[in-house]
Amino acid sequence: MGAAAAAAGSKDAKERDMGIFPYQEKAMRVITGSARGRRLQTLEGQEVRPTPERIKEAVFSIIQFQIEGRRFLDLFAGSGQMGIEALSRGAREAVFVDSRKDSVQIIRENLEKTGLGQQGRVVNMDSLAFLSQPNGKFDLAFLDPPYRTGLLEKALEMTSAVVKPGGVILCEHPADEELPAQAGDFVKRRDYRHGKILISLYRHKDVVGS
1 MGAAAAAAGS KDAKERDMGI FPYQEKAMRV ITGSARGRRL QTLEGQEVRP
51 TPERIKEAVF SIIQFQIEGR RFLDLFAGSG QMGIEALSRG AREAVFVDSR
101 KDSVQIIREN LEKTGLGQQG RVVNMDSLAF LSQPNGKFDL AFLDPPYRTG
151 LLEKALEMTS AVVKPGGVIL CEHPADEELP AQAGDFVKRR DYRHGKILIS
201 LYRHKDVVGS
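Quick note: the sequence shown uses the numbering used here, first residue 1, plus one each step.
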């Protein structure tokens, strides 16, 4: 989680009270691959909302055969656990984008701890500003901005312009928040529900299948 995190802190705390975040995981680990089992650091504070491990497992079960040799974008990266998981599973490169300096420091420490630093690029920048600059094309993108801030729809539209036609965009958001059926040339193919969290999958409109 990155841009506007501080402003969204009270919203996140309220959502925890509503049961969207029944607990906050402080100990994260790499699930599988070259860094399997390595513990990752995370940030402290009420505004921090790491992706729960069960959601991470669900995301990577969706794209498990599309990771090796690919370029992965971890937007609003927080601790960097999603991009690190992708690298551990064979991604060629992961780019981590977050506006918070403390988050960027944690990502760098986690990359060093897992021995994946050579394949990771860490960018301390507002995520929307990053998307507006030339940074090459990505095969996979994971978007998980602060909930209910309006950032997700903006980032989704912009991300659709930097993902290759054969690529995938995955968005994590509350189950009661509806995302558009199409963003640029990418269309929503499926929603995966996990309790009060949805993972929405987008593929290029010309790609056949889910």
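In this text, a Cβ means the ideal position worked out from N, Cα and C, and glycines have one as well. Everything numeric in this text was worked out from a predicted model, so none of it was measured.
Spatial distance of residue i from residue j (CA atoms)
i: K113; j: I107; result: 10 Å
i: Q105; j: D191; result: 33 Å
i: G33; j: D206; result: 31 Å
i: T42; j: K101; result: 13 Å
i: L198; j: S88; result: 24 Å
i: K188; j: V163; result: 14 Å
i: I67; j: L73; result: 12 Å
i: L131; j: L75; result: 9 Å
i: K196; j: R121; result: 32 Å
i: M158; j: G117; result: 27 Å
i: G167; j: V59; result: 14 Å
i: Q24; j: L151; result: Low per-residue confidence applies at Q24: pLDDT is 46, beneath 50, and the placement is therefore not dependable, though the value from the model is reported in the following sentence. About 22 Å.
i: G37; j: P165; result: 33 Å
i: Q64; j: A35; result: 16 Å
i: E177; j: H194; result: 14 Å
DSSP three-state assignment for residue i, whether helix, strand or coil
i: D144; result: coil
i: Q41; result: coil
i: F76; result: coil
i: I199; result: strand
i: I169; result: strand
i: E25; result: Because the pLDDT of E25 is 47, which lies under 50, any placement of that residue in the model is unreliable, and the number read from its coordinates should be weighed accordingly. E25: coil per DSSP, three-state reduction.
i: R54; result: helix
i: V214; result: The chain is shown from 1 up to 210; residue 214 falls before or after that span and cannot be answered.
i: R71; result: strand
i: A35; result: coil
i: K188; result: strand
i: K164; result: strand
i: S211; result: Given a span of 1 to 210 for the chain in the structure shown, any question on residue 211 remains unanswerable.
i: V59; result: helix
i: L116; result: coil
i: V30; result: coil
Proximity below 7 Å, CB of residue i to CB of residue j
i: L143; j: A183; result: no
i: A141; j: I169; result: yes
i: P174; j: Y147; result: yes
i: R29; j: R39; result: yes
i: F96; j: G115; result: no
i: E85; j: Q119; result: no
i: L179; j: S200; result: yes
i: F103; j: D126; result: Here the sequence assigns Ser to residue 103, which means Phe is not the residue at that position. No, Cβ-Cβ distance for S103 and D126 is not below 7 Å.
Host beta strand (DSSP E) of residue i (start-end)
i: F65; result: Careful: F65 lies outside any beta strand (DSSP E) and carries neither H nor E.
Cross-strand partners of residue i (DSSP beta bridge)
i: D98; result: N124
i: P211; result: What the structure shows of the chain is the stretch from 1 to 210, and residue 211 is not part of that stretch, so it cannot be assessed.
i: E93; result: R71
i: A183; result: F186
i: F138; result: V163
Limits of the alpha helix (DSSP H) - the one that residue i falls within
i: K154; result: L151 to T159
i: Q81; result: Q81 to S88
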